[in-house]
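Visitor:
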Amino acid sequence: MSPLDRKLARDLWRIKGQAAAIGAVIAVGVMLQVMMSGLIVSLGETRDAYYSRYRMADIFAPLTRAPDHIADRLAAQPGVSTVQTRVTGRALIHIPTQILPIQARAISLPDLGRPALNDVYLADGRMPEPGRRDEILLLRSFAVAHGLHPGERLDATMNGARRSFRIVGLAQSPEFLYPTPPGEFVPDDARFAVIWMRRAGIAAAFDMKGAFNEALLTLARGADEDAVLAAVDRVLKPYGGSGSYARADQLSNRYLSEEIGGLRAIAVGVPPVFLAVAAFLLYIVIGRMVQAEREEIGLLKAFGYGNTRIGVHYFKLILIIATVGAGFGCLGGIVSGRGMVIVYTHFFKFPFLVFQLDPASFVSGVTVSILAASAGGLLVLRRVFALTPSEAMRPPAPPSYRHSGRIGAGLIRFLDQPSRMIWRRLTRQPARMLGASFGIASGMALSAGMLTIYAGFDRAIELTFAVLDRSKLKVSFVHPVGEKTLLELARLPGVDRVEPVRYVPVILRNGQFTRRGALTGLPRQFELNRALDADMRPIRLTGGGIVLSSVLARLLAIRAGETLRVEVREGRQPVLEIPVVGIAETLLGTPAYMDLEGLNRKLREPGRVSGAALMIDEARRDDIYRALKGMPVVAGISLKDQARRAFQKMMDQGAGATRFIMGAIAFVITFGIVYNAARIAYAERARDLASLRVMGFTRAETAYVLLGELAVVTLMALPLGTVMGYFLSFGLAALFSTDLYQIPAYIQPASFGQAMLVVIGAAIVSGWLVKRDLDRTDLISALKTRE
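Just so you know, we're using this note's numbering here: the sequence shown kicks off at 6 and counts up by one.
1) CA-CA distance, V573 and R613?
2) Compute the distance between the beta-carbons of E189 and S257, then report whether it is under 8 Å.
3) Answer with buried or exposed for D540, where buried requires no fewer than 16 other C-beta atoms within 10 angstroms of its C-beta.
4) Comparing alpha-carbon positions, which option in Y260, Y731, L37 and D778 lies nearest F333?
5) What is the DSSP secondary structure of Q108, counted as helix, strand or coil?
6) In terms of DSSP beta bridges, what is V614 paired with?
7) Please name the residue or residues paired with W201 in a DSSP beta bridge.
8) Measure the CB-CB distance between A176 and V125 and report whether it falls below 8 Å.
9) Could you tell me whether the stretch 122-140 touches the stretch 232-245, using the rule of 3 or more Cβ pairs below 8 Å?
10) Determine, using beta carbons only, whether V173 and L144 come nearer to each other than 8 Å.
11) Along the beta strand (DSSP E) that carries A161, what are the first and last residues, could you check?
12) Below 8 Å, how does it come out for the stretch 699-706 and the stretch 427-440: are there three or more Cβ pairs, yes or no?
13) Which two residues bound the contiguous alpha helix (DSSP H) that contains N534?
14) My parser needs the alpha helix (DSSP H) runs of 4 or more residues fully inside the stretch 75-108; what are they?
15) Look up P8 in the DSSP assignment and say whether it is helix, strand or coil.
16) Ignore the nearest five residues each way along the sequence and tell me which others in Q23's own chain have a CB closer than 7 Å to its CB.
17) Classify E189 as helix, strand or coil using the three-state DSSP reduction.
18) Under the rule that 16 or more other beta-carbon atoms within 10 Å means buried, what is K214, buried or exposed?
19) Which same chain residues end up closer than 6 Å to L581 when comparing Cβ atoms and leaving out the 5 residues on each side of it in sequence?
20) Of all the options T727, L619, V770 and V509, which has the alpha carbon lying nearest to the alpha carbon of G758?
21) With 16 as the cutoff for other CB atoms within 10 Å, does D63 come out buried or exposed?
22) Can the beta-carbon of G587 be found less than 8 Å from the beta-carbon of I544?
23) Out of curiosity, what's the CA-to-CA distance linking I629 and L497?
24) Going by the CB atoms, is the gap between G677 and M455 shorter than 8 Å?
25) If contact is defined by three or more beta carbon pairs under 8 Å, each pair taking one atom from either stretch, is the stretch 596-611 in contact with the stretch 456-467?
26) Can you look up S409 in the DSSP assignment and give me helix, strand or coil?
27) Can you give the Cα-Cα distance for I563 and R514, rounded to whole angstroms?
28) Counting contacts by CB-CB distance shorter than 8 Å, is V472 in contact with chain B?
29) Flag this pair as touching only if the stretch 369-389 and the stretch 315-329 have three or more C-beta atom pairs under 8 Å; answer yes or no.
30) Using alpha carbons as the reference points, say which of L304, I512, R631 and A150 lies closest to P8.
31) On the three-pair Cβ rule with 8 Å, is the stretch 217-235 touching the stretch 60-78?
32) Please give me, in chain order, every unbroken run of the beta strand (DSSP E) with length at least 3 that falls completely inside the stretch 681-751.
33) Flag this pair as touching only if the stretch 444-454 and the stretch 716-730 have three or more C-beta atom pairs under 8 Å; answer yes or no.
34) How is L122 classed by DSSP in three states: helix, strand or coil?
35) In the DSSP assignment, the beta strand (DSSP E) including R502 goes from what residue to what residue?
36) Using 8 Å as the threshold, is the C-beta distance between G274 and G43 below it?
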């Protein structure tokens, strides 16, 4: 082993605490990249394999009713490979332990064999026997939520008639990776079911013998998707076609794609922050080391060691720290990725999901971490190359203790001797003080940003379910109804207020930008279902204009005052040109609002509504539920409390769980930065502190000189960290937001106060660890000149 390699080993042991802190920062950055990249690959490849194995359709075409022979016309369209028709309908499931029926979707299976498209994964039991109209498959997640098993009976209402079925199997489907109740955006295993049954039985239930109301298609290789969609719409328009759409717009697939996109944004945006912090810390540590070892560097040059060999020596130190940190980061990414796979398997209903490593993430993670560390180290190595032997071996000119700046000239007279030492060191080397403060402030900003995101998630839930939605429950109807039904609801004992709403399926177009969704008609004086702006003030709905959510407006690249093309996909299916009169800040979904009266006027259907929001007396709740259950026109009932719990569960256990990992990482990084600053200060002043002990200073007085500096630097970092955390919070909020939900940057003093406590706590623990080492210092060894 060469002398420089032996020196390298001694240096690593001497700065092991600082090296471990820097390595931890690097490890966290690499861990996030490996974990997120692995999740992206795992979700994407599992989705593609699932779609391929169970033949997920490329195009979905719902309609009112068409005879079976129309399928041949669809199959004859250019670019179409496979066509399968089916019958679907809404159902209400009756569970003895539930007072309210549960919404379900009934889907036909071929009378013989398996579906050619959108096949089901049989998790338990068997397929329904041909000709058995009472046998069904049940969505597995719903069955698990209610403890249902094959062999049990289940009652369901279809098309107004109550029927009894026998569960013969539990199934999953690529079509329902993200199963949500109709009209809602949050999945809830207990509140939504899917029933599969042979076509003869479901056709009889919905009066669809010899007909179908949905077509599934796959595309031939090289087919023009837009052209096929247009052709399918032309064929099905006379039969009440409500607009075909591609797989990309299918609800479950869209939310899964958005989740993958969110993971990709985190994988790209967050790890570089940690690696930049690591580069900054390495710059400080290696810079202080070079400054402390300038005499040794001079001796090495005098003995014939060139700049290259000395530079390689320090560069090896950097590479070892970066490589070891990256290695632990790769291992951590594998472990944490496998843990997150369990979360996603439950959240997205995959029958299988295995964490797959992304080799590119390992290569890029290690490479980027080494490059980031090298960037910080190379800036320092310039000092090594600039030193000549004669200059390096001559001790640097001692700094002046006399002049501490005009600001401290009057103050220093009132300080005792140890406090003067702290003040002079800080004022004569302001760059070091500011660098240490900036590092600690960066850690505090990360903690403050994540705490703000925690508060933002809670605020999103509070705004959505307490401010925007003031109702207790919502009722949806089988078809648009008139005012008579609203009067019946209002007359129910215990119903305090009924507010009508209408949902109209539409395609919104602005030039090349298109979005499928629903147009929500609200009364002008809304109280229960509210449209609010960014300042939480009610938006005025005018008779002829549309109000878009901010996310929807961004997706359509449209502003208030411009005109939007609205293609209605029900009834007569008119095409409307409607001006955008406002932009609303919504937190759940991408709604578009209109004045109910104006919407009905444009549709030429006055007085029609498709649902209602109710405010009820909780004491009469059960009576109201029973009354609603007995109304044939009621298609579904959604309780706000259940929806809120489902959304909270999604945030805590589903995709939103990523924020907890990010928060834990932010706290670890904060401690690493503060501890590194304390260790650097101690390493720089170990000889001086030992001299103070020899001169008669007590251990407490010596520790005060060291820890007082750390306290001042930490206190200076707090306001800077507050400012940095404020701006970082907005970036993190945008990073965690999706089209499904938007997370506000909810700035609260408590979040920043907690972040300050984290920094102060880290400073106290770091100070205690450094003081422990200071108390154990061998004074003779510390005062020896290093050769």
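Where is the CB? At the ideal position from N, CA and C, for every residue including glycine.
Guide: Checking against the coordinates, here is how it stands:
1) Residue numbering aside, residue 573 sits at position 568 when the sequence shown is read from its first letter. Residue numbering aside, residue 613 sits at position 608 when the sequence shown is read from its first letter. The straight-line gap from Cα to Cα measures roughly 15 Å.
2) Your numbering for residue 189 matches position 184 in the sequence shown. Your numbering for residue 257 matches position 252 in the sequence shown. The answer is no: Cβ separation not under 8 Å.
3) What you label residue 540 is simply residue 535 of the sequence shown in a count that begins at 1. Exposed: under 16 other Cβ atoms inside 10 Å.
4) What you label residue 333 is simply residue 328 of the sequence shown in a count that begins at 1. Here the closest residue by C-alpha is L37.
5) Counting from one through the sequence shown, the residue named residue 108 turns up at place 103. Correct three-state label for Q108: strand.
6) If you number the sequence shown from 1, residue 614 lands on position 609. DSSP lists V486 as partners of V614.
7) Within the sequence shown, the letter at position 196 stands for residue 201. Its beta-bridge partners are I112 and L142.
8) Sequence index remark: in the sequence shown, residue 176 carries index 171 (1-based). Sequence index remark: in the sequence shown, residue 125 carries index 120 (1-based). Yes, they are a contact pair.
9) They do not touch, by the three-pair rule.
10) Indexing the sequence shown from 1 puts residue 173 at position 168. Indexing the sequence shown from 1 puts residue 144 at position 139. Contact: no.
11) By one-based count along the sequence shown, residue 161 stands at place 156. Segment R158 to M163, the beta strand (DSSP E) holding A161.
12) Proximity of the stretch 699-706 to the stretch 427-440 falls short of the contact definition, fewer than three beta-carbon pairs being nearer than 8 Å.
13) As a first step, residue 534 must be located in the sequence shown, where it is residue number 529. That residue, N534, is in no alpha helix (DSSP H); it is neither H nor E in DSSP.
14) 75-80
15) One-based indexing of the sequence shown puts residue 8 at position 3. Of the three classes helix, strand and coil, the one that applies to P8 here is helix, per DSSP.
16) Translated into positions along the sequence shown, residue 23 becomes position 18. V290, N681, R684 and I685, listed in sequence order.
17) Taking the sequence shown and counting its residues from 1, one reaches residue 189 at position 184. Here E189 sits in coil by DSSP.
18) As a working note, residue 214 is residue 209 in the sequence shown. The residue in question, K214, is exposed, as its Cβ has fewer than 16 Cβ neighbours within 10 Å.
19) By 1-based counting over the sequence shown, the position of residue 581 is 576. So the list reads V571 and K607, once near-sequence residues are dropped.
20) On the sequence shown, position 753 is the one that residue 758 refers to. The shortest Cα separation from G758 among T727, L619, V770 and V509 belongs to T727.
21) Start at 1 with the first residue of the sequence shown, and residue 63 comes out as number 58. D63 is buried by the Cβ-count criterion.
22) For the purposes of this step, residue 587 is taken as residue 582 along the sequence shown, with counting starting at 1. For the purposes of this step, residue 544 is taken as residue 539 along the sequence shown, with counting starting at 1. Contact: yes.
23) Sequence index remark: in the sequence shown, residue 629 carries index 624 (1-based). Sequence index remark: in the sequence shown, residue 497 carries index 492 (1-based). In this structure, the straight-line span from the alpha carbon of I629 to that of L497 is close to 7 Å.
24) The residue given as residue 455 occupies position 450 in the sequence shown. The residue given as residue 677 occupies position 672 in the sequence shown. No.
25) no
26) Within the sequence shown, the letter at position 404 stands for residue 409. In this prediction, S409 has a pLDDT of 48, which is less than 50 and means its spatial position is unreliable; what the coordinates show is noted afterwards. Coil, per DSSP.
27) Counting from 1 along the sequence shown, the entry for residue 563 is found at position 558. Counting from 1 along the sequence shown, the entry for residue 514 is found at position 509. Each residue's Cα considered, the two are about 10 Å apart.
28) Among the chains in the structure shown there is no chain B, since it carries only a single protein chain.
29) yes
30) Here residue 8 refers to the residue found at position 3 when the sequence shown is read from its first residue. The shortest Cα separation from P8 among L304, I512, R631 and A150 belongs to L304.
31) yes
32) none
33) yes
34) Taking the sequence shown and counting its residues from 1, the one referred to as residue 122 is at position 117. Here L122 carries a coil assignment [DSSP, helix/strand/coil].
35) Along the sequence shown, read from residue 1 onward, the residue named residue 502 stands at position 497. Note, R502: beta strand (DSSP E), V500 to N515.
36) Taking the first residue of the sequence shown as position 1, residue 274 is located at position 269. Taking the first residue of the sequence shown as position 1, residue 43 is located at position 38. Result no, Cβ atoms of G274 and G43 do not sit closer than 8 Å.
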